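One structure is given here, and the rest of the page talks about it.
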Amino acid sequence: MNEERQQQLREGFSRSGMMQLLGAQLQVIGNGFCEIIVPRQDFMARPAGMFNGAVIASLVDVSSGYAAASAKPVDSYFTTVELKVNYLNPAIGESLIARASVIKNGKVISVVRADIYASGPEGETHAATSLVTMMQLSGKKSPRQPKSAAEDPAAEA
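Using numbering that gives the first Met the number 0, the letters of the sequence shown map in sequence onto residues 0 to 156.
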């Protein structure tokens, strides 16, 4: 992956409303690999203290998409076809770390494995593992999502 593609992916990540909400940081983006860190926030925790499964699933989805995109040409965009998450251990810690790697980089379909770790003072705990199927929408750039009702009159309906 060239520097231009890497910069394009980093800029796209920085515009993601979901990643902003989670306070996520794109640590590593490489050819077929992505690592994202999400610091713990109160709204992410279940009453028992572990990260909510929805946060983990969102992190799986996004990290898999970026891993798949990092292995493709500049004009590619991905959508999730299937996502399976196995929750292995309670995700208790100060942050979540997603490490996603492309297993199969097909012409249209890519298969990605994403592992989620809960990180704390005692190290990392493997909290979840997943298998994600992504479909490349060739020649399409990421659709622009309106930021407000002023930019999208249909949003007011």
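We put the beta carbon where it would ideally sit given N, CA and C, even for glycine. The structure displayed is predicted, hence computed values, not measured ones.
In angstroms with no decimal places, state the Cα-to-Cα distance between residue i and residue j.
i: A44; j: L20; result: 14 Å
i: A113; j: R14; result: 22 Å
i: S62; j: K103; result: 15 Å
i: I115; j: F42; result: 19 Å
i: Q40; j: G64; result: 23 Å
i: P89; j: D74; result: 38 Å
i: L8; j: S69; result: 7 Å
i: L25; j: G11; result: 11 Å
i: S205; j: Q6; result: No answer is possible for residue 205: it lies beyond the span of the chain, which begins at 0 and ends at 156.
i: G122; j: V27; result: 19 Å
i: V54; j: G22; result: 12 Å
i: L130; j: R4; result: 24 Å
So, under 8 Å CB-CB, residue i and residue j are touching, yes? Tell me the CB distance rounded to an integer number of Å.
i: T128; j: L87; result: 6 Å
i: V84; j: M134; result: The pair is not a contact, with the Cβ atoms about 19 Å apart (cut-off 8 Å).
i: L58; j: I35; result: 6 Å
i: A66; j: V111; result: 5 Å
According to DSSP, is residue i part of a helix, a strand, or is it coil?
i: G11; result: helix
i: Q5; result: helix
i: M134; result: strand
i: G52; result: helix
i: G31; result: coil
i: A44; result: strand
i: G16; result: helix
i: V37; result: strand
i: S129; result: strand
i: V73; result: coil
Is residue i near the ligand ATP, with its Cβ less than 6 Å from a heavy atom?
i: R98; result: Absent from the structure shown: the ligand ATP. Ligands present: none.
Do the region 76-96 and the region 45-55 make contact, defined as three or more Cβ pairs closer than 8 Å?
When Cβ pairs closer than 8 Å are counted between the two stretches, the region 76-96 is seen to touch the region 45-55, the count reaching three or more.
Counting only runs that start and end within the region 82-120, where is the beta strand (DSSP E) found for 3 or more residues in a row?
94-104, 108-119
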